[in-house]
Every structure is written in C-alpha cells, then in structure tokens.
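Line by line, the protein sequences give chains A and B. Counting from 1, position 236 in the first sequence corresponds to residue 1007 in this note's numbering; the numbering is continuous, with no gaps. Counting from 1, position 198 in the second sequence corresponds to residue 281 in this note's numbering; the numbering is continuous, with no gaps. Glycine residues also receive a C-beta, built at the ideal position from the N, C-alpha and C atoms. Since the model is a prediction, treat every value here as computed from it, not as a measurement. Here's the structure, in structure tokens; my notes come after.
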Amino acid sequence: MTEVLALENITKTFGTLTANDDVTLHLAKGEILALLGENGAGKTTLMNILFGHYSADAGEVRVFGAVLPSGKPRAAIDAGVGMVHQHFTLAANLTVLENVILGSEPLLRLRSSREAARAKLMTISQRFGLPVDPDARISRLSVGERQRVEILKALYRDARILILDEPTAVLARPEAMQLFETLRDMAKSGLSVIFISHKLHEVMAGSDRVAVLRGGRMVAERRTQDTSPDELAELMVGRKVERPRRQDHKIGAPVLQAEGVRVTDGDAIRLNDVSFTVHAGEILGIVGVSGNGQADLGALLAGLTTPATGRLTLDGIDVAGFGPRGLISAGAARVPEDRHSEGAIGEMSVWENATLERLRTPRFSTSGFVRRSKARAYAAELIKRFDVRGATPETRIRLLSGGNMQKLILGRSLATPPKFLLANQPTRGLDEGAIAAVHTELLAARAQGAAILLISEELDEAVGLADRIQAIVNGRLSQSVSADEADPRRLGLMMAGVWETDDAA
Amino acid sequence: MQLERRTDVPLRLVVSAPLAAVLAALVLAAGLIAAAGVNPLSAYAAMLKGALGSRLSVTELLTRATPLILTGLAAAVAFRARLWNIGGEGQFYLGALATAWVGHTLMLPGLLGIPVLMVCGMAAGAVLLAGPAYLRLRFGVDEVVTTLLLNFIIILFVGLMIEGPLRDPLAFGWPQSVPVDGDFRLPDLVPRTRLHIGLLFAIAAAATVWLVLSRTVFGIETRATGLNPKAAAFAGISLPRTIMGVALLSGALAGLAGSVEVLGVTGGVTTTMSPGFGYAGIVVAMLAALHPVGVVAAALFVAGVFVGADAMSRATGVPSFIADVIVALSLLTMLVALLFTSYRIRR
C-alpha cells in the first residue's frame, strides 16, 4: 500500500504543556485510521499541525512524499488535505453550493462560474454517495446534512486525505452509523480518512486501524480487527477503567410522579400524556432517538416549563409551575442537557457557578449581599469532595475540562442530598474516565435514596444504571420495562415507537 | 495566523488596554491635526495645557467629568446585562427637565429639596428606559433602536416645553426653561469656579454601583444574565426582573446626571445643555471596560479631551470638533484593545 501521509516526530508545546510529544503517524491510501484518545490527549493539536493551523516545534509533515511547509493551511489544502471540524464552519444564510465554493474561488471576479461549480459538486456528490440539494439553505438542513456539506466542501477542493474531528459528536446514532458507511465507500474509492474520536464503539465500527494518543504521546497502534473495546479503553486511559454497574437494592416510596402531563408550545404538542413514577433509590432511564422530546422533558423537570394539563408531584406536593428555584427548595436537583449553554456560565468563577441557583438562600446571602467567604468555602468543599481537577473557587469555569465541569455541576446538585435528581445526558461528550466518575456519583446518590430520572441517548448507559427504562418517542412515553428485561432488540422496538399497550379493556 | 482565546487575562493587560487604546486614538487623530496644518505635538501640548494647565481648567475638567461619570455608569450597568441602552442622552434631558420643573415650584427648604429633586430626575430617567426594556421583554423589540430614537423625541419634547409651559419669562426670548429655586442650587466645591459638590455625588454613585455589582445577589445575577441568559434562566434567575431592575438603575443614573447638571451648573434646561453627555457615556463605559471604578478615570479622560480641545482650538485654530473625533476614535481603538485582552494572536 502506498503511503499518502506521514507525520514524523511531531512535538508541540504550549507554554509548559506538551500537547504532542514526538508523535509519528503514517496513513496509507484507502485506509481509515481512527485517532483515539481522551479529551486533552493531543488529538486535535496533532491534526491542527497537519492542517497548518499550528506549526510544530519539531518534526515534519509529508503529504504524498512532499514536505508540507508548516503553518500554512493553504498549503495543506493544495496538497489535498481536507478537514471537517467538530463545529461546522458553514454560513447558515447561504446555500449548499455557495458554501462549497466559498473561499475556493478567486475574490476579484465579477461572475462566478456557478454552473461549472454545480456540475462538479453534483459529480462528487454522486461519486461518493453524498446526496445533497445544492440550492438548499444551510439553515434548513439537519446536523447530519450539514456535516455532509462540510465533507463535500473538502472533496470539492480535491481533498484526497480527509480529516474529521469528532465527527459524531453532534450526530444521533443512526446518522453516525450512516456516516461510517459513507466513509467506507469513500475509502474504497481511494480516499484516505483520519477520524478523531474518544468513543470506543465508533472506533471499532468505523476504522481499519487505531492509533491511541495519551498525554500527547502515541502509546499504541492496533489493527481494528485485532483489538477489543476493553483493550482500547485501557490504552486510552492508561489503566483499567470499568464503568460501575447498578447493584440490586430495595427501592422506596414514589417521589416524583407525572400523570397525563401535556406540554405545548404554541400549537405544537411537545409532551403528550406523559406519565411516570420515580421511586426513592431508583433510577428511571428515559431512552430514545434524539429530538423526540427529551429536551422538553428535561425543561419540564428543570422547572423551565409548566404543563398545560396533568399533574406533576414531588413527595405528594404539586410542583407544576414551581420554577427552578421552587423546585430546588422542594428538594429537586437538576443536571442540564448542555453544560456549556445551560449548566455553567463560562466567564464566571467556579464559586459563582457553584452557588448561582442557591444564591438567594440564607446560606449564601444576607439581605441581598452575597456571603462570599461562605460561597467560596462551599465551592472549595465541592472541588474536594467531587474531585474536580484543575479548579480553585476563583477559576473561571470555562477553563475546566468537560468532565471536571460536569463533576462540579453534579456536585452542586448532590451536595445537599436531593429527593429527586434530573440527570439529562449527564455523560454526553465526556471521556471514559469522567463517565465512570459520573456514573459512580449517580449510583451513590441512588444508594442514598435519591429518585433519579436519567435521560440518555446511550443505551449502554441506560441499561447499566437504570432500574427501569421507558422510551420517549415523539413526545410520548412507552410503558416501563425493568432493566433486566431490556434487551437491545426490545429497546430498539420501543425507541421505534412499537410497544405493547396494556389497555385495561 | 489566528486568534486564540487567552486562558487568563493578567491585570496589567486589563489596565494597559485602555491606555494603549487612548494612545492609538491620539496617534490617529494626529494625522487629522496635521492635515489641518498644525503640528500635532504642539496641538496636543496646547490641549494638555488647556485641560490641566490652571486651577480654572482643572475645575472645569472636573465639572465636565461629573455628568460623564454618571452617564458612563448608566451605560456600564446596562451593558453588563447586555441591555443596550443608547438612550443616555434622552434620559439625561428628561432628568434635567423633571428637576427644573419640580425645582421651580417645590416648596421645601434647600437641604430637603435637593435630594427630592435628584430623585425626581432619577425617576424620570428610570421611567424613560423602563419603556424600551418592557418592549424588549414583551415583544422582542430591539432596545438599541427604541432608546436611540427616544433621544430625539425627548430633545424635541424638551424644546416644546421650554418654548411653552416652562418658558422662562425673564430670558428675553432665549429658549431656556424656568430656573430651579436658588435654594436648591448645589454648593460650590471650589469657590469662584463652576465646580460643585455634584462631583462627590458622582463618585459616591460609582462606589455604590461597584458595591452593588460586585457584592450583591442582584449584581451577580445581572452579570450572569448578561454573560449567558440561558444558563441564568436554568439557575432560576428571572430574566424580566433582572433586565427591568437593570433598566431602572441605568435610567436613574443617566437621569441623575441631568438633574445634577441642572442643580450644579445650568440652573435651568436648554436644548443645548449637553454636548453629548449621554453618548459620551457609552465611550466612557467602554474605555472603563464596564468597570464602575474605571468609569471615573475614563470620564476624567473624556472630559479632559473636551475641555482641552476648546483651548487647543483657540490656540492653534484646529476646529474643536477634533474632540469628538478623538473620543470616537478611542471607542474604536478600545474595542480593538478589548479583543486583544481576551484573545492573543498565534502564528
């Protein structure tokens, strides 16, 4: 096999941090290489060096045998390297075609050769099996379709080596699986692909070869067929990581109950006739394909929306319309779906984030003035108790890694043992070590008698933690099944909306 | 080459950013001064002398800085919560008008009357900003547009009032409102100058705003709402309450500026009493990076430019409009400087 890309002895430091330490990587024609590593292992830095966003302190990059001048993205593009970033770089108000040709046509030209560009785009689209409507506006496309446009953009610029940074971070599972099929087809037709990931099942499903980065070093390379998820997890984390599993114990009385809850948004019905009960010491898992009402269920239980009809009770008290603070003082705790947009305020300090939702309680303020030393001490306590690394009470929270930020959010929710905990996608985007830590905390809260509602798109997570599982489809909940009866086939059917209704006819 | 977010912003950078911005603005304005046929260095020397050269010029500078501190605080408070109050000018005038009106008819001893009149000015400014804030919260109307346009409406309204019911009959047809009662005039801080004790009120206001923003629940909630409204809502902070509270505070500060200017300097209202104090307050707030204590320093700078430019104009013949140019340029350079305090360039 011919080698198309070589990274030789790349070293890159940022201040005192060594992001890449003597990393060597080779890629062959028609190969799909997975670059696996935890957050902060140096994957993205390495790819940014390849693509010319950063220049390496030492080492060289060769594309098709020729050394690439460092620090010049243009040179990488011209050499046939295309990059699809995790966060898309598309102009939402332009069409697909306009986005594709943007930046690849000369600036000073009165008429752009639209027709030629369109023909080229359609040829590529057919050849690689990436159907698109060239005249659709980006803002109307789904995330999966947008990603397709990003890939087409790279291919339009004659990329023969495609780099995808965490390509599935924004995709639902079926979309992700489809993406890997597409990548396979592309590799068969001679393209070479590197994708960056920290998700083991994706790496196993989508790659020919795996390179594992840890702490900036290349620690292992395996052919995908010769390795296993367990081995990769261990290589990636550097020690054996096992996600904790739920132990059977006696569950208690009902804590949170929803009966026939309907949530509307204008004319649209977001949640329809939703009923469930979470008992003390129980985790109820809500699974489903993303976009089926999980966000609305999360908003309802976070106190952000009020049901139009139906009852929502916490310990027998009707808490519909209580709002976030009312819910918290009634004994609820909430972990939001998106920690960056809802869970934390990046520019504020750890102590402010830790106390924000309880700032008006006597513990943290007297007559409108914040008790700063109390608040700081509380934050320090959370940092210690929940093992939030790299944080002091004064650290701005955006500087924390996703896992540590999540530990802090979980910590502020669990520090005062809640009666009810909403955990909405609590491990999304986290690496294995952090996932295990979050799971341990959730199970500890369960053992202490908290009633937990876990909304998750990861079936493994739901099955591993939850006592009972309900599926959410189109704003409706299925009957619950106990976790022991929840085999993947049955859950798959439930998530597709097929469930036995036991009508008491 | 690309911009990269700084992980931490050292204090020296925070402090040097406005200084660098001002320096850059002066360098840019030097080009225009040279184009007017004057040596920029001698022009700036004249300006410095005009602003700080004598007891009179220093007191004049401080007199000018007084309303600027208050309008600067008004803008800083609002901008922190991402409430874009561009209406400081209108709130200034309405505060001034309310003060003059009530101050002409009020029957109270001076010591009692002064605080009452200030509250009147504050209330007028607060009410004026509450309207746009309500429209934004209820209907999503952009407050930049409403507050900006209200400035013109209010100035025309002031014109209407001082040509009509509030016309001063002793002003020989000069468009000026009735004056406030002499008892209510603010005492001088330095005898035989225009400097009055309003300066102390302005400084006290800066200290109070600093205390409120940094030490109270309201201050933290304001900042949270400005930085990330969604997360603030998740934490149970009411957006309407916070925005409305900020609007009342901001409007009150700008109204107070108008009130203090009437009580301390002009005595009555004219449609030309403000050389753009409300608008300059925006520059002051930005130069201060929205920090209440920085507002005092920034207001002194902007006042210095205005006072100094008049002297420079007399000495060198460069039009005093150069002051507006320098102030406006320093807003632009400050925006660039702010970018470089939170980002660095990486190659």
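Restricting to Cα atoms, I'd like to know which of the options is closest to residue i.
{"i": "PRO945(A)", "options": "MET854(A), GLY1062(A), VAL855(A)", "result": "GLY1062(A)"}
{"i": "LEU971(A)", "options": "ARG980(A), PHE899(A), LYS1155(A)", "result": "ARG980(A)"}
{"i": "LEU1185(A)", "options": "GLY1200(A), ARG1167(A), SER1227(A), THR1126(A)", "result": "THR1126(A)"}
{"i": "SER1144(A)", "options": "MET1265(A), TRP1122(A), GLU1128(A)", "result": "TRP1122(A)"}
{"i": "PHE1140(A)", "options": "ARG298(B), PHE384(B), VAL348(B)", "result": "ARG298(B)"}
{"i": "ALA158(B)", "options": "GLY334(B), THR353(B), ALA398(B), LEU422(B)", "result": "GLY334(B)"}
{"i": "GLY338(B)", "options": "ILE197(B), PRO150(B), MET190(B), ARG219(B)", "result": "PRO150(B)"}
{"i": "HIS858(A)", "options": "GLU937(A), LEU778(A), PRO840(A)", "result": "GLU937(A)"}
{"i": "ALA363(B)", "options": "GLY347(B), VAL385(B), ALA289(B), SER137(B)", "result": "VAL385(B)"}
{"i": "LEU933(A)", "options": "ASP1067(A), PHE822(A), LEU1248(A), ILE1223(A)", "result": "PHE822(A)"}
{"i": "GLY1282(A)", "options": "HIS1050(A), ASN1043(A), PRO1015(A)", "result": "With chain A represented from 772 up to 1276, any question about residue 1282(A) goes unanswered, as that position is not in the structure."}
{"i": "LYS313(B)", "options": "ALA940(A), ARG1041(A), GLY1114(A), THR953(A)", "result": "GLY1114(A)"}
{"i": "SER1253(A)", "options": "GLY1246(A), ALA1233(A), ILE1243(A), VAL1244(A)", "result": "ALA1233(A)"}
{"i": "VAL295(B)", "options": "THR995(A), ARG885(A), SER1138(A)", "result": "SER1138(A)"}
{"i": "ARG885(A)", "options": "ASP906(A), LEU901(A), SER896(A)", "result": "ASP906(A)"}
{"i": "GLY1092(A)", "options": "ARG1260(A), ARG1183(A), GLU1108(A), LEU1075(A)", "result": "LEU1075(A)"}
{"i": "VAL941(A)", "options": "ALA958(A), LEU962(A), GLY915(A)", "result": "GLY915(A)"}
{"i": "LEU868(A)", "options": "LYS891(A), ALA850(A), GLN949(A), ASP849(A)", "result": "LYS891(A)"}
{"i": "ARG1110(A)", "options": "VAL1032(A), TYR1149(A), ARG1183(A), PHE899(A)", "result": "ARG1183(A)"}
{"i": "PHE1135(A)", "options": "TYR217(B), VAL300(B), LEU195(B)", "result": "VAL300(B)"}
{"i": "GLY1064(A)", "options": "THR1084(A), THR1035(A), THR1048(A), ILE1054(A)", "result": "THR1035(A)"}
{"i": "ASP1255(A)", "options": "ASP1019(A), ARG988(A), ILE872(A), GLN1219(A)", "result": "ASP1019(A)"}
Which first and last residues belong to the alpha helix (DSSP H) in which residue i is found?
{"i": "PHE899(A)", "result": "From DSSP, PHE899(A) is part of no alpha helix (DSSP H); its letter is neither H nor E."}
{"i": "MET975(A)", "result": "971-977"}
{"i": "LEU210(B)", "result": "It should be noted that the sequence gives Val, not Leu, for residue 210(B). Start and end: 193-222."}
{"i": "ASP788(A)", "result": "What sits at residue 788(A) in the sequence shown is Leu, not Asp. Run containing LEU788(A): none in the alpha helix (DSSP H); it sits in the beta strand (DSSP E), 788-799."}
{"i": "PHE951(A)", "result": "944-959"}
{"i": "ALA1208(A)", "result": "1203-1218"}
{"i": "VAL295(B)", "result": "281-298"}
{"i": "THR1187(A)", "result": "Per DSSP, THR1187(A) belongs to no alpha helix (DSSP H) and is neither H nor E."}
{"i": "SER125(B)", "result": "123-135"}
{"i": "LEU233(B)", "result": "226-246"}
{"i": "MET369(B)", "result": "360-370"}
Beta-carbon within less than 6 Å of residue i's beta-carbon, same chain only, minus the 5 sequence neighbours each way: which residues are those?
{"i": "LEU94(B)", "result": "none"}
{"i": "ALA371(B)", "result": "GLY377, VAL378, ALA381"}
{"i": "ASP1273(A)", "result": "Low confidence applies here, because ASP1273(A) scores a pLDDT of 48, under 50, leaving its location unreliable and the question unanswered by this model."}
{"i": "ASN234(B)", "result": "GLY170, GLU172, GLY173"}
{"i": "GLU1165(A)", "result": "SER1120"}
{"i": "MET854(A)", "result": "PHE822, ILE934"}
Kindly list the residues whose CB is nearer than 7 Å to the CB of residue i, restricted to its own chain and excluding five residues on each side of it in sequence; keep chain order.
{"i": "ASP1202(A)", "result": "GLU809, ASN810, HIS969, GLY1174"}
{"i": "ALA1275(A)", "result": "Residue confidence is low: ALA1275(A) scores 38 on pLDDT, short of 50, so the model does not pin down where it sits. No coordinate-derived value is stated."}
{"i": "ASP904(A)", "result": "VAL867"}
{"i": "GLY900(A)", "result": "THR953, ASP956"}
Provide the residue(s) that pair with residue i in DSSP beta bridges, ordered along the chain.
{"i": "PRO1025(A)", "result": "HIS1050(A)"}
{"i": "TYR927(A)", "result": "TYR927(A) is not bridged to any residue."}
{"i": "ARG988(A)", "result": "ARG985(A)"}
{"i": "ASN1195(A)", "result": "ILE1226(A)"}
{"i": "GLU1030(A)", "result": "ARG1082(A)"}
{"i": "ALA1039(A)", "result": "ASP1036(A)"}
{"i": "ARG1260(A)", "result": "DSSP, once it has assigned bridges, lists no residue as partnering ARG1260(A)."}
{"i": "SER260(B)", "result": "ARG250(B)"}
{"i": "TYR426(B)", "result": "ARG88(B)"}
{"i": "MET1119(A)", "result": "Per DSSP, none; premise fails for MET1119(A)."}
Quick one: give me the first and last residue of the beta strand (DSSP E) that residue i is part of.
{"i": "GLU831(A)", "result": "829-834"}
{"i": "ASP849(A)", "result": "Unbroken run through ASP849(A) is the alpha helix (DSSP H), 844-849; no beta strand (DSSP E)."}
{"i": "GLU779(A)", "result": "774-785"}
{"i": "ALA1104(A)", "result": "1103-1106"}
{"i": "GLY808(A)", "result": "Counting along the chain, GLY808(A) falls outside any beta strand (DSSP E), and DSSP gives it neither H nor E."}
If I measure Cβ to Cβ from residue i and keep anything under 8 Å in the same chain, skipping five residues before and after, which residues do I get?
{"i": "VAL1269(A)", "result": "none"}
{"i": "ILE238(B)", "result": "GLU172, GLY173, TYR176, THR354"}
{"i": "VAL121(B)", "result": "THR399, GLY400, VAL401"}
Tell me, please, whether the CB atom of residue i is closer than 9 Å to any CB atom in chain D?
{"i": "LEU1130(A)", "result": "Absent here is chain D; the protein component of the structure consists of chains A and B."}
Q. With a cut-off of 8 Å, do at least 3 Cβ pairs link the segment 1233-1244 of chain A to the segment 1054-1061 of chain A?
A. The segment 1233-1244 of chain A makes contact with the segment 1054-1061 of chain A, as at least three CB pairs between them are under 8 Å.
Q: Count the CB pairs spanning the segment 388-399 of chain B and the segment 130-142 of chain B that are closer than 8 Å, and state whether there are at least three.
A: yes
Q.
Using a Cβ distance threshold of 8 Å, determine whether the segment 1160-1177 of chain A contacts the segment 1187-1207 of chain A, with at least three qualifying pairs required.
A. Cβ pair count under 8 Å is three or more, so yes.
Q: Evaluate the contact criterion for the segment 220-229 of chain B versus the segment 249-262 of chain B: three or more CB pairs, one atom per stretch, below 8 Å.
A: no
Q | Segment contact flag, the segment 1216-1224 of chain A with the segment 1245-1262 of chain A, C-beta cutoff 8 Å, min 3 pairs | A | In short, these stretches do not touch, since the Cβ pair count stays below three.
(Q) Below 8 Å, how does it come out for the segment 773-781 of chain A and the segment 827-844 of chain A: are there three or more Cβ pairs, yes or no? (A) yes
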